[in-house]
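Structure, as structure tokens:
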Amino acid sequence: VTPSGIITLSSDFGLSDPYVAMMKGVILSINPSAVLIDLAHMIKAGSVSQAAALIHETFVFYPAGTVHLVVVDPGVGSGRRPLAVQAGGHFFVGPDNGLFWPVIERDPEASLVHLRESRFFLPDVSRTFHGREIFAPVAAHLSMGVALERMGTKIDDPVRLSLPELRVTGDTLTGQIVRVDNFGNLVTNITAGQLWLFLGSGPFRIVVGNFEILKISGTYADGEQGEPLALINSSNVLEIAVNLGRASEYIGVRDEEIVGTPVRVIRA
Amino acid sequence: VTPSGIITLSSDFGLSDPYVAMMKGVILSINPSAVLIDLAHMIKAGSVSQAAALIHETFVFYPAGTVHLVVVDPGVGSGRRPLAVQAGGHFFVGPDNGLFWPVIERDPEASLVHLRESRFFLPDVSRTFHGREIFAPVAAHLSMGVALERMGTKIDDPVRLSLPELRVTGDTLTGQIVRVDNFGNLVTNITAGQLWLFLGSGPFRIVVGNFEILKISGTYADGEQGEPLALINSSNVLEIAVNLGRASEYIGVRDEEIVGTPVRVIRA
Amino acid sequence: VTPSGIITLSSDFGLSDPYVAMMKGVILSINPSAVLIDLAHMIKAGSVSQAAALIHETFVFYPAGTVHLVVVDPGVGSGRRPLAVQAGGHFFVGPDNGLFWPVIERDPEASLVHLRESRFFLPDVSRTFHGREIFAPVAAHLSMGVALERMGTKIDDPVRLSLPELRVTGDTLTGQIVRVDNFGNLVTNITAGQLWLFLGSGPFRIVVGNFEILKISGTYADGEQGEPLALINSSNVLEIAVNLGRASEYIGVRDEEIVGTPVRVIRA
């Protein structure tokens, strides 16, 4: 894979602290012509599953050979391994805590390297900020064409991520809400493929919180204003929305409990 | 107009979702040397008028030939047309919902194209995310010099934006607060030109919420700490501020109701 | 110092207003190949000390010759001088209000210039937005190699920043919390050097809010979940944290009062 020269950055560092800017400085000090793109820094602190979903959903839109630096690293300084991955035609750098499992899982050719070659790190590695001292410099070197294999030891036992799975009992397929987006739309873990395979062509209802929805709409502007609707979103999963409203405010579930709320698809 | 190679991005996508990063990936996959600049992504969900004002206020500071991608698109997937505009020496891409009206209105030479040539789009166009599938790729192609006319059909009936207008009754000019900035300053829709034309050189008072202000100050640091003041801001409109304080907290109007609050300029 | 072509931007403008995007447009209109990196725009409105600490902590990670544009400028339009500084191998541009004092203080060779040559400014300078009209264009010109000295008059009396100092009384060293980071960690103003010089090798306790901590840990993952711990952070200062928790929520001090809370290190 030839590097594209682009490095995306994702973290749970937020936008008030200097940590992201430090990583960018480190990268530009090694590769002054790297193109840096912020993917997301508002990931919930320590939420490996949220970060894993975001990067998996987004990386395919980037040119092959892009380096994706992801620092959601609650175990920094403990035993967890620093990791670089080549998979799906892209590079991924971050802690070995499940972040890249959805990407690795889908590419039988994925190569994984436990980062051990300290000449590709900053000279002083603290125990509290590997994003700056290990992952950013490694990302910079990968973006310049240094081969993954030179950076450490091959491994084949990455930490896996256990994501919530779908359950089928009788005529009911049960998934859950995994994310609320900026518009209050409720993103589920039920893909279009799973949905249609389960439903076939008969009638059905979708029950989530106090919503009961009887069809799949084409877009947000379908239906009456304020009415709940279900659609297949642009990432190809079932999403619950309200036309010109925030579904998260109408669903009748407390904000903190929306993620995880069951979504039941019932064959009529 | 020769493209500058710069693309600005504005949206109501916020900073937690992957949508902006997806659009950037799409652009860089088409034009790897595009320079991407975030203009604003914290626009109120669906607020076409806020986005229109921001882009109109800001685009002039960019080099001629810059492409401005603006995705505030509550009607995505319904009948509204996808649009590209060349006006004021710049390019604008987004839904035809009024976003670019303030720019179009001021340039009698503006060209408008209803985007129809799907070879400039992503191969699969969903009904829910035209920002990624139509507007981002079109912006990328424009930044590489593809002529606007090749991308669709010329139109001359864009959706207009109806913005709040000023009213003059007797000795009173009435405008309103259109935006609260990060410092709590209250931006009005009364331009410096309109203000001086109305006032001439006589005495006056400005009444807004529980403020009564008797002069135009030169800068925020004029006057006593905590005192309300009026000034002509850097975008050349009347702004209400409080020296070393947040005007929005002193004005005596509830936060949700500040935008829209009447601003009365009264000749004494 | 040869310019690196990189310009970092810091401000208290937040992410909803167009002010940052305007500054970027001005820079790119002068130097189209400048590389623009956001350092931080969520600095508390008017907080010169917060901005000064952030920039001082971060600039060293950038290549020599980088220009750091910092606009936290509560006195804009009043008498305060516009300033450009060359120090520590980097350039700094912003108001003369103490922002760059920590950088200047550490470099006896620092050159400071009161910006007066209006040919390096935008043609019209308002009294309310020098970030756009003076500092952004000056940063752009510096990034293209225009010599600092050509931009104004040398000065040697910059405004100093008075930062909270440490106090030693008997067996107690007292500092304070200066920042709460995105993880709820409490950053103090006690450097590792000062701590070890004071403590030597004997036993001690650290008292802050309702925490009492008896040792320095190596990383956040040390100790029991929910237990307060002290460590030397990646910027080499004493930091108070809670393993897998937000120290700011456990310390027993109201949010608004955490910054400034005394941190006492007591020799046992």
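Residue numbers (the numbering used here), protein chains in the order written: chain V, 194 to 461; chain E, 194 to 461; chain D, 194 to 461.
Note that the Cβ used here is the ideal one computed from N, Cα and C, for glycine as well.
With a threshold of 8 Å between beta carbons, residue 250(E) makes contact with chain D.
Boundaries of the alpha helix (DSSP H) harbouring residue 391(E): 385–392, taken from the DSSP string. Ranked by Cα distance from residue 322(V), the options 231(V), 264(V), 421(V), 418(V) are led by 264(V). For the set 398(V), 457(V), 416(V), 246(V), the Cα lying nearest the Cα of residue 437(V) is the one of 416(V). When beta bridges are read from the DSSP output, residue 381(D) appears opposite 370(D). For residue 234(D), there is no enclosing alpha helix (DSSP H), as DSSP marks it with neither H nor E. Of all residues in the stretch 255–273 of chain E, only 267, 268, 269, 270, 271 place a beta-carbon less than 8 Å from a beta-carbon of chain V.
Annotation for residue 257(V): 282 place their beta carbon closer than 6 Å to its own, counting only its chain and skipping 5 residues before and after. Taking a contact as a CB-CB distance under 8 Å, the pair residue 291(E) and residue 414(V) does not count as one, their CB atoms being some 16 Å apart. By the CB criterion at 8 Å, residue 421(E) and residue 354(E) fall outside the cutoff.
With the rule of 3 Cβ pairs closer than 8 Å, the stretch 311–320 of chain E does not count as touching the stretch 199–211 of chain E.
Taking all protein chains in view, the Cβ of residue 237(D) is surrounded by fewer than 16 other Cβ atoms within 10 Å, so the residue is classified as exposed. Within chain D, the residues 412, 413, 424, 426, 427 have their CB atoms less than 7 Å from the CB of residue 321(V), given in chain order. Residue 217(V) and residue 216(E) have their C-alpha atoms roughly 21 Å apart.
Of the candidates 308(D), 379(D), 339(D), the residue whose Cα lies closest to the Cα of residue 346(D) is 308(D). Nearest to residue 198(D) by alpha-carbon distance, out of 194(V), 377(V), 226(V), is 226(V). Within chain D, the residues whose beta carbon sits less than 7 Å from that of residue 217(V) are 230, listed in sequence order. Looking at the DSSP output, residue 345(E) sits in a beta bridge with 308(E). Of the residues 429(D), 200(D), 357(D), the one whose Cα lies closest to the Cα of residue 214(V) is 200(D). With a threshold of 8 Å between beta carbons, residue 201(D) makes contact with chain V. As DSSP reads the structure, residue 287(D) sits in a beta bridge with 276(D). Annotation for residue 451(V): the continuous alpha helix (DSSP H) segment containing it runs 448–451. Distance from the CA of residue 241(V) to the CA of residue 429(D), rounded to the nearest whole angstrom, comes to 27 Å. Counting every other CB atom within 10 Å of its CB across the protein chains shown gives residue 427(V) a total of 16 or more, marking it as buried. In the DSSP assignment, residue 203(D) falls within the beta strand (DSSP E) that extends over 199–204.
Contact between the stretch 443–451 of chain E and the stretch 388–398 of chain E is absent: fewer than 3 CB-CB pairs across the two stretches fall below 8 Å. In the DSSP assignment, residue 330(E) falls within the unbroken alpha helix (DSSP H) covering 329–336.
Of the other Cβ atoms in all chains shown, 16 or more fall within 10 Å of the Cβ of residue 202(V); this residue is therefore buried. Around the beta carbon of residue 349(V), fewer than 16 other beta carbons lie within 10 angstroms, which makes this residue exposed. Nearest C-alpha to residue 315(D) among 272(D), 306(D), 327(D), 304(D): 327(D). Counting only the Cα atoms, residue 261(V) lies some 38 Å from residue 388(D). The DSSP-derived three-state label of residue 303(D) is coil. In the displayed model, residue 257(D) falls within coil according to three-state DSSP, outside both helix and strand. For the options 285(E), 276(E), 365(E), the alpha carbon positioned closest to that of residue 306(E) is the one of 276(E). A residue is called buried when at least 16 other Cβ atoms come within 10 angstroms of its Cβ; residue 312(E) does not meet this threshold and is exposed.
The residues 258, 336, 338, in chain order, have a CB closer than 6 Å to that of residue 196(V) in the same chain once the five nearest residues on each side in sequence are set aside.
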